[in-house]
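Visitor:
Residue numbers (the numbering used here): 147 to 298.
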């Protein structure tokens, strides 16, 4: 069971790390009003509790040649365990899929997919998603512009 955020200091730590995960412990401690040792203990406790799940680098997709972002919705032919496992295992291995969400409604999954062109997206659909026997249908919307993008 995950531990809850203890107090305002934990919230301040999380806000500062969300803004800049490369901040030094000394700078973090100064910004939130704690000395370095208790600050570091709190960060480690937040990590151990699973509240801080990791640190990552946000990279511009264009650096990989990915200039096209698509939102694909997928409906499985049946929602049985074998098909769900088949689909989810395949998705985890595809570099083009940045996010995959199991959702409610008329669709089963929503995917955020990046490629370099419409032709590459078509190949991705034909050579990967459509080849899964468990997939009944796919609908795609292409992102024209990103208005807000934020990670927690």
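By construction, the Cβ of each residue, glycine as well, lies at the ideal position given by its N, Cα and C atoms.
Given the structure is predicted, the values throughout are model-derived calculations rather than measurements.
Is residue 289 closer than 9 Å to residue 214 when the C-beta atoms are compared?
Guide: Residue numbering aside, residue 214 sits at position 68 when the chain shown is read from its first letter. Residue numbering aside, residue 289 sits at position 143 when the chain shown is read from its first letter. Yes, these two residues count as a Cβ contact at 9 Å.
Visitor: Is residue 194 helix, strand or coil when you go by DSSP?
Guide: Taking the chain shown and counting its residues from 1, the one referred to as residue 194 is at position 48. If DSSP states are grouped into helix, strand and coil, residue 194 belongs with the helices.
Visitor: Considering only C-alpha positions, which residue in the set 193, 287, 293 and 241 is nearest to residue 270?
Guide: Locating residue 270 in the chain shown gives position 124, counting from the first residue. Residue 241 is the option with its Cα nearest to residue 270.
Visitor: Could you check what DSSP says for residue 213 in three-state terms: helix, strand or coil?
Guide: Taking the first residue of the chain shown as position 1, residue 213 is located at position 67. Coil.
Visitor: With DSSP run on the structure shown, which of helix, strand or coil describes residue 282?
Guide: Taking the first residue of the chain shown as position 1, residue 282 is located at position 136. Residue 282: strand per DSSP, three-state reduction.
Visitor: Mind pulling the beta strand (DSSP E) runs of 3 or more residues that sit fully within the stretch 226-253?
Guide: Whole beta strand (DSSP E) segments, 3+ residues: 243-248.
Visitor: On the DSSP bridge assignment, give the partners of residue 218 in chain order.
Guide: Start at 1 with the first residue of the chain shown, and residue 218 comes out as number 72. In DSSP, residue 218 forms a bridge with 257 and 286.
Visitor: Please report the residue range of the alpha helix (DSSP H) in which residue 165 lies.
Guide: Here residue 165 refers to the residue found at position 19 of the chain shown. Its alpha helix (DSSP H) spans residues 154-165.
Visitor: Okay, do the stretch 179-192 and the stretch 220-228 touch, 3+ Cβ pairs below 8 Å being the bar?
Guide: At 8 Å Cβ cutoff, the stretches do not touch.
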